[in-house]
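S.K.: Residue numbers (my numbering): 900 to 1113.
Each residue gets a CB set at the ideal place from its N, CA and C atoms; glycine is no exception.
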Amino acid sequence: MAEVVQTFRATNGRVTGVIGLAMCALVAVLSVATEGPSAAVPSVIGCALLAVVVWAALLRPRVSATATELRMKTFAEDVTIPLASIDTVAVRRYLLVRSGGERYICPAVGRSLRKTVRDEMRWQGHSQIMAPVQAEDLAAVQTEVKGDKGVDYADFVETQIAHLADVDRATRGIEARSEEEYELGSQVVRRRAWPEIIAMAVLAVAFVVALLVV
């Protein structure tokens, strides 16, 4: 497996997710302490189901990259995208990447609603096709991110992914927006997050059974 060279900090859902898990645990404990088995069992199972959903929706999503791949974890799927195949990258309310004519979305990185609306107005009527990123531009952004807390982290994510894609294309000898780039998009790998899917399915069935039996 290729070594991860960049892990992007998640900007969406972390605080809400931790609070959600804590609330699920608190309600489960209170149910066991104050309710009889007929009410406590469905309550605990329901809290466990909700906790898995909170984890999958808010805490599981993340974005990382190797020298050749962009890896995105979403609610119930892992997506591996060849960097050289990426022709569009944009961060709005979520991270959007286009490869081989397909769009892939990850909610781990996003902008606030106000900034999203402002950027949509700015880009209205303009192409969002990813432009080549120069090394000096990337260095400038990285310097600003490190030295100025006011710089939007989403801008850095866009720029860095674009830069990694340019580097991978140069390494492979592929031109931007070429047929080779488009065809490389067919090598995207999508894997189901089976542990989370199975856990949600089992807990959902158990919750229904507990409501009917207890």
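With Val1056 and Val1087 assumed to form a contact (beta carbons below 8 Å), what rounded beta-carbon distance in angstroms separates them?
M.R.: The residue labelled residue 1056 in the question sits at position 157 within the sequence shown. The residue labelled residue 1087 in the question sits at position 188 within the sequence shown. No, Val1056 and Val1087 are not in contact; Cβ-Cβ is about 19 Å, not under 8 Å.
S.K.: If you draw a straight line from the alpha carbon of Thr906 to that of Ala1061, how long is it in whole angstroms?
M.R.: The residue labelled residue 906 in the question sits at position 7 within the sequence shown. The residue labelled residue 1061 in the question sits at position 162 within the sequence shown. Cα to Cα, Thr906 sits roughly 15 Å from Ala1061.
S.K.: Does the stretch 960-975 come close enough to the stretch 940-951 to have 3 or more Cβ pairs within less than 8 Å?
M.R.: no
S.K.: Checking 7 Å against the spacing of the C-beta atoms, do Ala1064 and Ile980 come in under that value?
M.R.: Translated into positions along the sequence shown, residue 1064 becomes position 165. Translated into positions along the sequence shown, residue 980 becomes position 81. The answer is no: Cβ separation not under 7 Å.
S.K.: Can you name, in chain order, every residue of its own chain whose Cβ lies under 8 Å from the Cβ of Trp954, other than the five neighbours on each side?
M.R.: Taking the sequence shown and counting its residues from 1, one reaches residue 954 at position 55. Closer than 8 Å at Cβ, skipping near neighbours: Gly916, Leu920, Glu1095.
S.K.: By how many angstroms is the C-alpha of Arg1089 removed from the C-alpha of Tyr1081?
M.R.: Against the sequence shown, residue 1081 aligns to sequence position 182. Against the sequence shown, residue 1089 aligns to sequence position 190. One alpha carbon belongs to Tyr1081, the other to Arg1089, and they sit about 17 Å apart.
S.K.: Within this structure, are the beta carbons of Ala1109 and Ile944 separated by less than 7 Å?
M.R.: Position 210 of the sequence shown holds residue 1109. Position 45 of the sequence shown holds residue 944. Their beta carbons are under 7 Å apart, which means Ala1109 touches Ile944 by this criterion.
S.K.: Residue range of the alpha helix (DSSP H) that Val926 falls in?
M.R.: For the purposes of this step, residue 926 is taken as residue 27 along the sequence shown, with counting starting at 1. Here the alpha helix (DSSP H) through Val926 covers 913-933.
S.K.: Alpha carbons only, please: which of Ala927, Thr933, Ala932 is nearest the one belonging to Ser942?
M.R.: Start at 1 with the first residue of the sequence shown, and residue 942 comes out as number 43. Considering only alpha carbons, the answer is Ala927.
S.K.: Output the boundary residues of the alpha helix (DSSP H) element that contains Asp1067.
M.R.: Taking the sequence shown and counting its residues from 1, one reaches residue 1067 at position 168. For Asp1067, the enclosing alpha helix (DSSP H) starts and ends at 1052-1071.
S.K.: List the whole-angstrom C-beta distance separating Arg1010 from Arg991, where the pair is believed to meet the contact cut-off of C-beta under 8 Å.
M.R.: Counted from its first residue, the sequence shown places residue 1010 at position 111. Counted from its first residue, the sequence shown places residue 991 at position 92. Yes, Arg1010 and Arg991 are in contact; Cβ-Cβ is about 6 Å, under 8 Å.
S.K.: How close, in whole Å, do the beta carbons of Glu976 and Arg1091 come, if the pair is a contact with beta carbons under 8 Å?
M.R.: Within the sequence shown, the letter at position 77 stands for residue 976. Within the sequence shown, the letter at position 192 stands for residue 1091. Glu976 to Arg1091, Cβ: 6 Å. Contact.
S.K.: Among Ala1075, Trp1093, Asp1051, which has the Cα closest to the Cα of Arg908?
M.R.: In the sequence shown, the residue the question calls residue 908 occupies position 9. When only C-alpha atoms are compared, the closest one is Asp1051.
S.K.: Would a check of beta-carbon distances place Ala956 closer than 7 Å to chain D?
M.R.: As a matter of chain content, chain D is missing from the structure shown, which is built from one protein chain.
S.K.: Under three-state DSSP, which class holds Tyr1003?
M.R.: Position 104 of the sequence shown holds residue 1003. Of the three classes helix, strand and coil, the one that applies to Tyr1003 here is strand, per DSSP.
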